[in-house]
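Residue 1 is where the sequence shown starts when you use full-length UniProt numbering, and the numbers rise one by one after that. Using N, Cα and C, we set each Cβ at its ideal position, and we do this for glycine too. Because the structure is a prediction, the values reported are computed rather than measured. Notes follow the structure.
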Amino acid sequence: MTRLLIVGPQGSGKGTQGVRIAEEFGIPVVSTGDVFRANVAAGTPLGQRVKAIIEAGDLVPDSLTSEVVRDRLAQADAAEGFLLDGYPRNLGQVGDLDAFLAERGEQLDAVIVLDVPRAESVHRLTRRAFEQGRTDDTEEVIANRLAIYERETAPILDVFRERGIVDEIDGVGSLDEITERIVGALEARGLSRAAAV
Ligand code: AMP
Numbered sequence: 001m002t003r004l005l006i007v008g009p010q011g012s013g014k015g016t017q018g019v020r021i022a023e024e025f026g027i028p029v030v031s032t033g034d035v036f037r038a039n040v041a042a043g044t045p046l047g048q049r050v051k052a053i054i055e056a057g058d059l060v061p062d063s064l065t066s067e068v069v070r071d072r073l074a075q076a077d078a079a080e081g082f083l084l085d086g087y088p089r090n091l092g093q094v095g096d097l098d099a100f101l102a103e104r105g106e107q108l109d110a111v112i113v114l115d116v117p118r119a120e121s122v123h124r125l126t127r128r129a130f131e132q133g134r135t136d137d138t139e140e141v142i143a144n145r146l147a148i149y150e151r152e153t154a155p156i157l158d159v160f161r162e163r164g165i166v167d168e169i170d171g172v173g174s175l176d177e178i179t180e181r182i183v184g185a186l187e188a189r190g191l192s193r194a195a196a197v
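Following this line, the structure appears as structure tokens:
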């Protein structure tokens, strides 16, 4: 059983690396950003509620976000482990996650932090805007999302550092190099594909 969280500023490559690491460990990715985008695209009531918030690069209210994650983690495929991408994103959400994992007698095993210089993040996001046309990848919204990361998300790392579960990974390099660094750090904790099965 492997319960992971991947954290990094927008443009750090956390989405891409999250998918790769989850595959290595045989666990599902739970990405709140993906869930919200899918709901916006399908025009569900949840999507209608969060559309404007996401387009402005602001955070969806904690209660709503935590409910989405709680429901997702209750599905059968997450019983043997999961990789969270983009949640928790502030201290309130850390409290919510801790509470519902505790109900299951669980806790996070490791928090992967992808370190990428700000200029590199902005460069990657601008390129992604061009390639994928994401509506929250405009220059102004990118600046807002990075500011929220610094203000609200960076402080959650101190909580996880105190628990001794943070692995800081250099997020600059080829995709394969970065995946190898992450797998190496997780294996050094005694987490491995074998242990996940
Ligand atoms: P992401 O793909 O992780 O960058 O998420 C895209 C957008 O979804 C964010 O800019 C927020 O508007 C929203 N979102 C994703 N995860 C969360 C979260 N944990 N809390 C609040 N809003 C979120």
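Is the distance from the Cβ of I182 to the Cβ of Q10 below 9 Å?
Your numbering for residue 182 matches position 182 in the sequence shown. Your numbering for residue 10 matches position 10 in the sequence shown. Taking 9 Å as the Cβ cut-off, I182 and Q10 do not qualify as a contacting pair.
Please state whether DSSP places R193 in a helix, a strand or coil.
Here residue 193 corresponds to residue number 193 of the sequence shown, with the count starting at 1. In the structure shown, R193 sits in a helix (DSSP, three-state: H, G or I).
Given a cut-off of 9 Å, decide if D109 and T2 are closer than it, judged by their beta-carbon atoms.
Along the sequence shown, read from residue 1 onward, the residue named residue 2 stands at position 2. Along the sequence shown, read from residue 1 onward, the residue named residue 109 stands at position 109. Against a cut-off of 9 Å, the Cβ pair of D109 and T2 comes out as a contact.
Could you check if I156 belongs to the surroundings of the ligand AMP, using beta carbon to heavy atom distance under 8 Å?
As a position in the sequence shown, residue 156 is number 156, starting the count at 1. The beta carbon of I156 sits no closer than 8 Å to any heavy atom of the ligand AMP.
Reduced DSSP secondary structure (H/G/I, E/B, other) of L157
The residue you call residue 157 lines up with position 157 of the sequence shown. When DSSP states are grouped into helix, strand and coil, L157 belongs to the helix group.
Applying the criterion that 16 or more other CB atoms from any shown protein chain within 10 Å of the CB defines a buried residue, is P155 buried or exposed?
Taking the first residue of the sequence shown as position 1, residue 155 is located at position 155. P155 counts as exposed, since fewer than 16 other beta carbons sit within 10 angstroms of its beta carbon.
For G92 and D62, which I take to be in contact (beta-carbon distance under 8 Å), what is that distance rounded to the nearest angstrom?
Walking along the sequence shown from the start, residue 92 turns up at place 92. Walking along the sequence shown from the start, residue 62 turns up at place 62. Rounded to whole angstroms, the Cβ separation of G92 and D62 is 4 Å, and the two are in contact under 8 Å.
To which residues of the same chain is A22 closer than 7 Å at the C-beta, ignoring the five residues directly before and after it?
In the sequence shown, the residue the question calls residue 22 occupies position 22. Non-local beta-carbon contacts of A22 in its own chain, meaning distances under 7 Å to residues more than five positions away in sequence, involve P28, V29 and L83 in chain order.
Bounding residues of the alpha helix (DSSP H) (the contiguous stretch that carries L4)
Along the sequence shown, read from residue 1 onward, the residue named residue 4 stands at position 4. Looking at the DSSP string, L4 is not in any alpha helix (DSSP H); the run it does join, the beta strand (DSSP E), is T2 to V7.
The ligand HEM and N39: does the residue's C-beta get closer than 8 Å to at least one heavy atom of that ligand?
The model on display carries the ligand AMP but not the ligand HEM.
For a test of the three-state rule: what should DSSP assign to E106, helix, strand or coil?
The count along the sequence shown starts at 1 and reaches residue 106 at position 106. Shown here, E106 sits in coil according to DSSP, grouped into three states, outside any helix or strand.
Please report the straight-line C-alpha distance between Y149 and D167, rounded to a whole angstrom.
Your numbering for residue 149 matches position 149 in the sequence shown. Your numbering for residue 167 matches position 167 in the sequence shown. Cα-Cα distance, rounded: 18 Å.
From the DSSP output, in three-state form, read off V141 for me.
Residue 141 sits at position 141 when you count from the first residue of the sequence shown. It is helical.
Proximity below 9 Å, CB of L114 to CB of I178
Position 114 of the sequence shown, counting from 1, holds the residue named residue 114. Position 178 of the sequence shown, counting from 1, holds the residue named residue 178. In this structure, I178 lies closer than 9 Å to L114 by Cβ.
Helix, strand or coil at E80 [DSSP, three-state]
Numbered from 1 along the sequence shown, position 80 holds the residue referred to as residue 80. Note: E80 maps to coil in three-state DSSP.
Measuring alpha carbon to alpha carbon, tell me which residue in I54, F25 and E24 is nearest A38.
Taking the sequence shown and counting its residues from 1, the one referred to as residue 38 is at position 38. The candidate whose alpha carbon is nearest that of A38 is I54.
Measuring CB to CB, does F25 end up less than 9 Å from V68?
One-based indexing of the sequence shown puts residue 25 at position 25. One-based indexing of the sequence shown puts residue 68 at position 68. Not in contact: F25 and V68 (Cβ atoms no closer than 9 Å).
Should I6 be listed as close to the ligand AMP, given that the test is whether its C-beta is under 8 Å from any heavy atom?
The count along the sequence shown starts at 1 and reaches residue 6 at position 6. Flag unset: Cβ of I6 not near the ligand AMP.
Backbone secondary structure at V60 - three-state DSSP:
If you number the sequence shown from 1, residue 60 lands on position 60. Here V60 carries a coil assignment [DSSP, helix/strand/coil].
In whole angstroms, give me the CA-to-CA distance for D136 and T32.
Counted from its first residue, the sequence shown places residue 136 at position 136. Counted from its first residue, the sequence shown places residue 32 at position 32. So the alpha carbons of these two residues sit roughly 15 Å apart.
Within the chosen definition, does the region 42-52 reach the region 72-82 through at least 3 CB pairs nearer than 8 Å?
The region 42-52 is not in contact with the region 72-82.
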